[in-house]
Amino acid sequence: MLDLLENMKMGSNYSSISSSCISKKYIFLVRPDMSISGHQVFKGIAQRGYSSVGYFFGFKLHLAINHQGELMSFCLTRGNVSDLSVLSKLTKGLSGLLAGDKGYVSKKHEETLQKQGLTLITKLKKNMKKKMRTAFEKFFLAQRNLIETVIEQLKSICHIEHSRHRSPLYFFVNLVGGLAAYAIKLRNPSIKTTKLPRALNNALIHN
1 MLDLLENMKM GSNYSSISSS CISKKYIFLV RPDMSISGHQ VFKGIAQRGY SSVGYFFGFK
61 LHLAINHQGE LMSFCLTRGN VSDLSVLSKL TKGLSGLLAG DKGYVSKKHE ETLQKQGLTL
121 ITKLKKNMKK KMRTAFEKFF LAQRNLIETV IEQLKSICHI EHSRHRSPLY FFVNLVGGLA
181 AYAIKLRNPS IKTTKLPRAL NNALIHN
């Protein structure tokens with residue numbers, strides 16, 4: 001089941017598309033109190049991983065959305081799987097711009113994505129040289145918080161987060177059901193195009 005969820009995309013109509021995408025991971029804490037040895041339901045499935053808030057025991061949900069807040073693809077992995085290792089699966093068939101956090105910084109992956117027509121833009125790490133960005137790239141990168149809103153709606157409206165699953169199957173069914181519910185939702189958060197002219201003007205002024 002986990003292998004299947006690592007390769008799923010949200011609908012065949014997204015198999016080849018040119019758009020602006022945002023990618024991020026979301027952490028599922030199977031055992032928030034970190035008493036890993038006492039957890040039997042996900043034994044041998046969930047793994048211990050590390051995120052910006054410290055160690056956790058559970059899974060990672062990797063998401064890609066477009067500028068309209070629609071789910072483009074997702075992968076569910078164990079907690080110890082690196083973000084970069086699933087990036088090629090997550091973005092297969094996509095082209096355009098891809099905004100991500102610093103966890104996606106990789107010259108090798110950036111060049112690979114460029115060959116398929118997908119330009120990866122991320123915030124720079126402290127030891128990195130400044131990169132030339134177009135005004136639109138700067139604007140789009142500043143809209144990365146859109147995916148935070150999507151994740152919040154997945155949790156609060158579609159209820160993908162649950163800490164008391166009695167079996168792995170219930171966990172997977174609940175997750176897929178929540179993602180499907182979001183996919184057919186009538187209104188999604190999106191990038192406000194009304195912000196674009198002013199943002200582009202500001203970017204041009206500061207170049």
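Residue numbers for the sequence shown follow UniProt numbering, beginning at 1 and rising by one.
Where is the CB? At the ideal position from N, CA and C, for every residue including glycine.
Please read all numbers here as calculations on a predicted model, not as lab measurements.
Can you say whether residue i is buried or exposed, counting buried as having 16 or more other CB atoms within 10 angstroms of its CB?
i, result
"T122", "buried"
"S23", "buried"
"S52", "exposed"
"H162", "exposed"
"S20", "buried"
"L124", "exposed"
Could you compute how far the alpha carbon of residue i sits from the alpha carbon of residue j?
i, j, result
"P189", "E137", "20 Å"
"F74", "I45", "18 Å"
"Q68", "G54", "31 Å"
"T134", "F171", "42 Å"
"V41", "L120", "38 Å"
"G177", "E70", "16 Å"
"P168", "F59", "11 Å"
"L154", "Y50", "22 Å"
"K131", "H62", "26 Å"
"N145", "K108", "25 Å"
"S156", "M128", "37 Å"
"Y26", "G93", "22 Å"
"H165", "L29", "11 Å"
"K126", "H159", "36 Å"
"N175", "F57", "For the sequence presented, residue 175 should be read as Leu rather than Asn. Answer to the nearest angstrom: the Cα atoms are 17 Å apart."
Hey, out of the options, whose CA is closest to residue i's CA?
i, options, result
"T194", "L76, K92, K89, F139", "F139"
"T116", "M132, F59, K129, K89", "The sequence given here places Gln at residue 116; Thr does not occur at that position. The candidate whose alpha carbon is nearest that of Q116 is K89."
"L179", "M132, H109, K131, L76", "L76"
"L87", "A142, R48, G79, E110", "E110"
Tell me which same chain residues have a C-beta within less than 8 Å of the C-beta of residue i, skipping the five on either side of it?
i, result
"T91", "C21, S23, A64, S73, L98, L113, Q116, L118"
In chain order, what residues of the same chain have a beta carbon less than 7 Å from the beta carbon of residue i, not counting five sequence neighbours either side?
i, result
"Q143", "I191"
Segment contact flag, the stretch 95-111 with the stretch 76-86, C-beta cutoff 8 Å, min 3 pairs:
Yes, the stretch 95-111 touches the stretch 76-86.
Please confirm if the stretch 144-158 is in contact with the stretch 172-191, defined as three or more CB-CB distances below 8 Å between the two stretches.
Touching, yes.
Should the stretch 169-183 be regarded as contacting the stretch 87-100, the criterion being three or more beta carbon pairs within less than 8 Å?
In the pairwise beta carbon analysis, the stretch 169-183 is classified as not touching the stretch 87-100: fewer than three pairs are separated by under 8 Å.
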